[in-house]
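Take 51 as the starting number for the sequence shown in this note's numbering and just add one per residue.
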Amino acid sequence: MVLPFALLLFLIAAAPLAAPHFWERYYAHVAVGLGLLTAGYYLFGLHETEPLVHAVSEYVSFLALVGSLYVVSGGILIRVKGEAKPLTNCAFLLTGAVLANVLGTTGASMLLIRPWIRMNKYRITGFHIVFFIFVVSNVGGALTPIGDPPLFLGFLKGVPFWWTLQHGWRAWSLATLLLLGVFYVLDRRNFLRAPKLVRDMETREEHWKMDGLVNVPLVAVLLSGILLPFGWRELLMTTVAAVSWFATPKRVHEANHFDFAPVKEVAWLFAGIFLTMIPALQVLGANTEALGLHSSLQFFWSTGVLSGVLDNAPTYLAFLAAAFGSAGLNLDTDMPLFIQQQSALLLAVSLGAVFFGAMTYIGNGPNLMVKKIADQQKVHTPDFMAYILRYSAPILLPILALVGFLFFSRWRLF
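Here it is in structure tokens:
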């Protein structure tokens with residue numbers, strides 16, 4: 051029963067290239083059909099409803115958060131004038147990385163992707179979108195429970211709010227600065243190859259202006275609602291999204307080229323992913339001891355690699371439970387003792403889940419949405435396999451390997 055999940059991942063990667071028209075028309079049918087196949091097995095074959103109920107509730111929470119942040123941030127227009135220099139781009143990405151810990155990776159991505167495209171419109175390429183996903187949509191949100199869903203689950207399990215910031219800021223800084231360094235080299239080369247007219251535009255003073263400010267307090271309401279219990283949280287988020295939709299001036303939505311296509315694609319694909327990954331997560335949970343995980347470095351890589359293809363929130367919980375088991379402790383009752391005795395394991399699972407979400411388009415919810423928005427605005431973005439083979443494997447993976455070596459190996463320096 052892991053096969054439907056594997057098949058869905060394969061189709062997400064291959065179908066847009068092999069059969070683009072078929073996939074564009076029927077991707078929702080395929081994703082939901084494979085999900086229902088898995089659901090039917092649990093309902094009629096195993097007569098188990100608890101895994102399905104759990105998966106559906108997580109999906110509802112996921113979609114409420116992603117959808118509401120998409121609507122609210124889509125009602126904020128950030129106008130830029132002129133063309134950004136490479137250093138300006140680096141500063142923008144660094145700002146996005148910091149904001150990801152305040153607005154969440156989804157909120158920061160949806161707020162900043164459109165101005166990012168505008169400020170680079172004369173020379174934007176696929177690597178601009180990829181590095182935005184690396185920095186703003188994933189790695190940046192590793193410091194607070196608001197930043198990324200895995201850390202929020204850890205907070206609910208008893209991890210103090212500021213714990214990851216206190217213990218993970220060095221690894222966050224290293225990963226972020228290395229990514230920005232590589233980006234600067236690529237963007238500098240891109241800038242020097244641009245026509246002289248574009249390079250001359252770089253010398254002009256840039257003017258920033260925001261519109262749709264009615265949505266700023268709505269973002270605050272959304273983020274405060276994250277701590278509400280299930281049901282009330284989703285109701286608040288849906289209500290805020292509706293208020294934003296009707297309160298935002300039409301000119302703002304038009305200037306942002308706002309429509310629901312990106313969130314629609316994420317909703318259908320992740321409906322299939324959340325259902326088909328149930329047996330994959332159960333197999334993982336039942337065999338964590340057989341994996342022989344003991345060191346922090348092993349937990350960093352294992353959590354990370356699977357977070358790149360599974361939803362990183364349940365993967366985080368699975369490996370966190372395994373870490374507790376290896377220490378002979380209970381996840382629901384022994385968090386203070388675990389933090390005291392095994393802080394390196396907790397940090398390895400936390401950073402692995404967040405950082406490796408950037409390895410594929412489905413590693414984290416905002417990734418696909420950013421790609422879809424870029425595609426709508428006629429920006430060339432790499433397909434699923436090109437993203438991995440040209441960017442995440444040769445660029446992101448070595449940086450994460452260095453982070454693992456320096457912070458979690460027996461020869462760690464920090």
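We treat Cβ as the ideally placed atom computed from N, Cα and C, and that holds for glycine.
Of all the options K135, M260, L203, H344, which has the alpha carbon lying nearest to the alpha carbon of A244? If you number the sequence shown from 1, residue 244 lands on position 194. The shortest C-alpha to C-alpha distance from A244 to any of K135, M260, L203, H344 is the one to K135.
CB of M435 within 8 Å of CB of A63, strictly: As a first step, residue 435 must be located in the sequence shown, where it is residue number 385. As a first step, residue 63 must be located in the sequence shown, where it is residue number 13. Pairing M435 with A63 gives a Cβ-Cβ distance under 8 Å.
Can you name, in chain order, every residue of its own chain whose Cβ lies under 7 Å from the Cβ of S294, other than the five neighbours on each side? Position 244 of the sequence shown, counted from the first residue, corresponds to residue 294. Cβ within range, chain order: V121, V122, G125, N265, L268.
Check whether the stretch 342-361 touches the stretch 83-91, counting contact only when three or more Cβ pairs, one atom from each stretch, lie closer than 8 Å. As far as the Cβ criterion goes, the stretch 342-361 does not touch the stretch 83-91, which means the pair count is below three.
Tell me, please, whether the stretch 379-393 touches the stretch 412-422 by the rule of three or more beta-carbon pairs shorter than 8 Å. Contact between the stretch 379-393 and the stretch 412-422 is absent: fewer than three C-beta pairs spanning the two stretches fall below 8 Å.
By a C-beta neighbour count over all protein chains shown, 10 Å radius and 16 as the cutoff for buried, is L203 buried or exposed? Translated into positions along the sequence shown, residue 203 becomes position 153. Around the beta carbon of L203, 16 or more other beta carbons lie within 10 angstroms, which makes this residue buried.
Applying the criterion that 16 or more other CB atoms from any shown protein chain within 10 Å of the CB defines a buried residue, is W213 buried or exposed? Working through the sequence shown from its first residue, we reach residue 213 at position 163. So W213 counts as buried.
Residue nearest to I167 in terms of C-alpha spacing, selected from P200, G375, F350, E133: The sequence position of residue 167 within the sequence shown is 117, counting from 1. Closest by C-alpha distance to I167, out of P200, G375, F350, E133, is E133.
Segments assigned alpha helix (DSSP H), at least 4 residues, entirely inside the stretch 157-192: 176-185, all fully within the stretch 157-192.
For the stretch 351-406, list the alpha helix (DSSP H) runs that are entirely contained and at least 4 residues long, ordered along the chain. Entirely contained in the stretch 351-406, the alpha helix (DSSP H) runs reaching 4 residues are, in chain order, 362-376, 385-391, 393-405.
What residues are listed by DSSP as bridge partners for I412? Counted from its first residue, the sequence shown places residue 412 at position 362. I412 is bridged by DSSP to nothing; it lacks a bridge partner.
Rounded straight-line distance, which links the Cα of Y172 to that of F211: As a first step, residue 211 is located in the sequence shown; it is residue number 161 there, counting from the start. As a first step, residue 172 is located in the sequence shown; it is residue number 122 there, counting from the start. Computed Cα separation, rounded: 41 Å.
With a cut-off of 8 Å on the beta carbons, I'd call F405 and A225 a contact; round off their distance for me. Against the sequence shown, residue 405 aligns to sequence position 355. Against the sequence shown, residue 225 aligns to sequence position 175. Your pair F405 and A225 checks out as a contact, with CB atoms roughly 6 Å apart and the cut at 8 Å.
Nonlocal neighbours in the same chain, by C-beta distance under 6 Å from I128, ignoring five residues either side: Here residue 128 is taken as the residue at index 78 of the sequence shown, counted from 1. Hits under 6 Å: P165, M260.
Please determine, among L119, E74, A89, the residue with the shortest C-alpha to C-alpha distance to A292. Within the sequence shown, residue 292 is the residue found at index 242, counting from 1. L119 is the residue among L119, E74, A89 whose C-alpha sits nearest the C-alpha of A292.
Sufficient close CB pairs (3 or more, under 8 Å) joining the stretch 331-346 to the stretch 436-450: By the C-beta criterion, the stretch 331-346 is judged not to be in contact with the stretch 436-450, since fewer than 3 inter-stretch pairs fall below 8 Å.
Alpha carbons only, please: which of L102, L228, G275, H430 is nearest the one belonging to M327? Start at 1 with the first residue of the sequence shown, and residue 327 comes out as number 277. Closest in alpha carbon position to M327, among L102, L228, G275, H430, is L102.
For F350 and A398, believed in contact at Cβ under 8 Å, the rounded distance: Against the sequence shown, residue 398 aligns to sequence position 348. Against the sequence shown, residue 350 aligns to sequence position 300. At roughly 4 Å, the Cβ-Cβ gap stays under 8 Å, so A398 and F350 are in contact.
Are the beta-carbon atoms of S376 and F458 separated by less than 8 Å? Along the sequence shown, read from residue 1 onward, the residue named residue 376 stands at position 326. Along the sequence shown, read from residue 1 onward, the residue named residue 458 stands at position 408. No, Cβ-Cβ distance for S376 and F458 is not below 8 Å.
I183 and V420 - do their beta-carbons sit closer together than 8 Å? Within the sequence shown, numbered from 1, the residue matching residue 420 stands at position 370. Within the sequence shown, numbered from 1, the residue matching residue 183 stands at position 133. Taking 8 Å as the cut-off, the Cβ atoms of V420 and I183 count as close.
Contiguous alpha helix (DSSP H) assignments of at least 4 residues, all confined to the stretch 187-228: Within the stretch 187-228, complete alpha helix (DSSP H) segments of at least 4 residues are found at 199-206, given in chain order.
If you measure between the beta carbons of T138 and G190, is that distance less than 8 Å? Against the sequence shown, residue 138 aligns to sequence position 88. Against the sequence shown, residue 190 aligns to sequence position 140. Against a cut-off of 8 Å, the Cβ pair of G190 and T138 comes out as no contact.
On the DSSP bridge list, what partners appear for L127? Numbered from 1 along the sequence shown, position 77 holds the residue referred to as residue 127. L127 pairs with D261.
Given this structure, state the Cα-to-Cα distance separating V453 from P199, to the nearest angstrom. Locating residue 453 in the sequence shown gives position 403, counting from the first residue. Locating residue 199 in the sequence shown gives position 149, counting from the first residue. Cα to Cα, V453 sits roughly 21 Å from P199.
Of the choices L446, Q348, G146, whose alpha-carbon is the least far from that of T410? Here residue 410 corresponds to residue number 360 of the sequence shown, with the count starting at 1. If you compare the alpha carbons of L446, Q348, G146 with that of T410, the shortest gap goes to L446.
Who are the Cβ neighbours of L272 in its own chain at under 7 Å, not counting the five residues just before and after it? Here the question's residue 272 lines up with position 222 in the sequence shown. Residues S118, L119, V122, M287, V290 of the same chain have their beta carbon placed closer than 7 Å to that of L272, with the five preceding and five following residues left out of the count.
In angstroms with no decimal places, state the Cα-to-Cα distance between R283 and G157. Within the sequence shown, the letter at position 233 stands for residue 283. Within the sequence shown, the letter at position 107 stands for residue 157. Those two C-alpha atoms are separated by around 16 Å.
Could you pull out every residue in the same chain whose Cβ sits closer than 8 Å to the Cβ of T88, ignoring the five residues on either side in sequence? Position 38 of the sequence shown, counted from the first residue, corresponds to residue 88. Contacts found: M51, P54, F55, L325, T326, I328, P329.
Distance CB(L113)-CB(A317) smaller than 8 Å: Residue 113 sits at position 63 when you count from the first residue of the sequence shown. Residue 317 sits at position 267 when you count from the first residue of the sequence shown. Yes. Within cutoff.
Are the Cβ atoms of L58 and G322 separated by less than 8 Å? Sequence index remark: in the sequence shown, residue 58 carries index 8 (1-based). Sequence index remark: in the sequence shown, residue 322 carries index 272 (1-based). In this structure, G322 lies closer than 8 Å to L58 by Cβ.
Drop a sphere of 10 angstroms on the beta-carbon of D309, count the other beta-carbons inside from all chains shown, and report buried for 16 or more, exposed for fewer. As a working note, residue 309 is residue 259 in the sequence shown. Around the CB of D309, fewer than 16 other CB atoms lie within 10 Å, so the residue is classed as exposed.
Expected contact under 8 Å - CB spacing of G354 and L450 to nearest Å: Residue 354 sits at position 304 when you count from the first residue of the sequence shown. Residue 450 sits at position 400 when you count from the first residue of the sequence shown. Approximately 7 Å separates the beta-carbon atoms of G354 and L450; this is inside 8 Å, confirming the contact.
For S459, which three-state DSSP category applies? Position 409 of the sequence shown holds residue 459. Assigned with DSSP and collapsed to three states, S459 falls in coil, not helix or strand.
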